[in-house]
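So the structure is just underneath, and the comments pick up after that.
Protein chains in written order, with the working numbering: chain A, 1 to 187; chain B, 188 to 370.
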């Protein structure tokens with residue numbers, strides 16, 4: 001008897017789960033599509049020596065099911081992913097290195113290849129604090145411009161605010177040389 | 188504590204119904220606030236400039252089946268279906284079908300015209316406005332295509348890229364529905 005009840009409970013729970021999942025699917029926002037998301041992973045401040053160029057690695061994440069054009073998307077009309085930074089006056093931003101994208105094509109046009117980022121991708125930003133800069137933590141802000149698509153549709157270009165910190169330190173002192181022995185050391 | 192299976196199912200049904208009802212209510216209020224797609228299925232009328240500088244109203248095409256395509260120069264899937272639209276305009280133009288492309292991007296009119304020329308587009312390309320996008324439900328992604336019959340009713344809509352065969356089926360639908368309306 002108790003086994004029958006337990007089975008009934010299990011069936012009822014499964015039915016309830018099915019009903020709720022179906023309702024949740026029906027309640028999605030746009031017809032069959034969620035909005036794309038691109039995020040910057042948080043990372044501890046990168047230590048940079050003043051007067052010296054250092055690469056800061058920024059890791060981005062593209063939401064599952066989406067891709068964004070790479071920095072070189074293989075067609076002139078596509079919007080490339082670009083990072084623009086506003087830096088404190090005493091920090092010089094050098095080269096921004098974008099990773100190579102992966103080639104993909106849409107299902108209905110397998111011959112037309114585009115170059116994209118999906119999942120995780122890293123950008124490398126070269127920064128060089130001036131030699132006169134005061135040591136300390138500095139925030140660098142900017143915007144990542146991207147344009148995302150899924151397998152069949154594209155979303156308008158967006159700008160992701162980007163913020164990261166660098167810790168500027170003094171150059172370590174050169175190792176001390178042993179002073180030459182004075183001829184008068186032994187008197 | 189013993190749980191009655193009927194109570195579990197009953198609670199799930201109530202919650203599911205509430206979820207779906209809340210969704211419908213939210214969508215309805217969104218439509219009202221954005222003067223979105225009309226409830227009687229009429230395609231919202233609009234007036235836009237073509238890339239050639241002509242003023243074009245959707246209602247100018249009343250009496251013709253219209254394929255209204257929202258696209259952008261940066262949209263890869265839109266570029267894939269454009270040559271199909273060019274072919275279909277040639278094929279179904281004699282049946283009265285009229286394609287209209289509404290460009291929803293920030294590119295200049297010159298760039299949009301150049302892009303359309305490079306795709307050999309043989310139908311009017313209009314410079315889109317956000318208000319027109321809102322009237323058609325927001326156009327949150329591209330391409331979006333609306334199939335409008337000879338009476339100005341939206342018969343079908345396609346969100347995202349569809350196969351060439353599916354597109355042709357929708358065109359046949361608006362041609363057929365127009366024939367019914369003309370009887």
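Don't be surprised by glycine CBs; every beta carbon is placed ideally from N, CA and C. Source: prediction; values computed, not measured.
{"Item": "Whole-angstrom C-beta distance between residue 261(B) and residue 78(A), which should lie under 8 Å", "Value": "6 Å"}
{"Item": "Residue 80(A) to residue 319(B) span [Cα, whole Å]", "Value": "27 Å"}
{"Item": "Bounding residues of the beta strand (DSSP E) (the contiguous stretch that carries residue 137(A))", "Value": "136-146"}
{"Item": "Spatial neighbours of residue 82(A) in its chain, beta-carbon cut-off 6 Å, leaving aside the 5 residues before and after", "Value": "145"}
{"Item": "Residues that residue 147(A) contacts on chain B, provided the C-beta gap is smaller than 8 Å", "Value": "261"}
{"Item": "is_contact[residue 347(B), chain A] using C-beta, thresh 8 Å", "Value": "yes"}
{"Item": "Whole-angstrom distance between residue 122(A) and residue 314(B), CA atom to CA atom", "Value": "37 Å"}
{"Item": "Cβ separation of residue 270(B) and residue 306(B), assumed to be a contact under 8 Å, to the nearest whole Å", "Value": "7 Å"}
{"Item": "Proximity of residue 91(A) and residue 127(A) at Cβ, strictly below 8 Å", "Value": "yes"}
{"Item": "Listed by chain order, chain A residues near residue 257(B) by CB distance under 9 Å", "Value": "Under the 9 Å cutoff, chain A gives no residues; its nearest Cβ is about 11 Å from residue 257(B)."}
{"Item": "DSSP three-state assignment for residue 353(B), whether helix, strand or coil", "Value": "helix"}
{"Item": "Segments assigned beta strand (DSSP E), at least 3 residues, entirely inside the stretch 83-126 of chain A", "Value": "91-97, 102-104 and 114-117"}
{"Item": "Pair within 8 Å by beta-carbon distance, residue 88(A) and residue 138(A)", "Value": "yes"}
{"Item": "Pairwise C-alpha distance: residue 360(B) and residue 102(A)", "Value": "39 Å"}
{"Item": "Cβ-Cβ distance between residue 400(B) and residue 259(B) below 8 Å", "Value": "Nothing can be reported for residue 400(B), as the shown portion of chain B is limited to 188 through 370."}
{"Item": "Cβ pair count under 8 Å reaching 3, the stretch 142-161 of chain A against the stretch 247-258 of chain B", "Value": "no"}
{"Item": "Cβ-Cβ distance between residue 352(B) and residue 152(A) below 8 Å", "Value": "no"}
{"Item": "Classification of residue 292(B) by the beta-carbon crowding that lies within 10 angstroms, buried from 16 upward", "Value": "buried"}
{"Item": "Local conformation of residue 279(B) per DSSP, three classes", "Value": "helix"}
{"Item": "Contact with chain A by residue 350(B), beta-carbon distance below 8 Å", "Value": "yes"}
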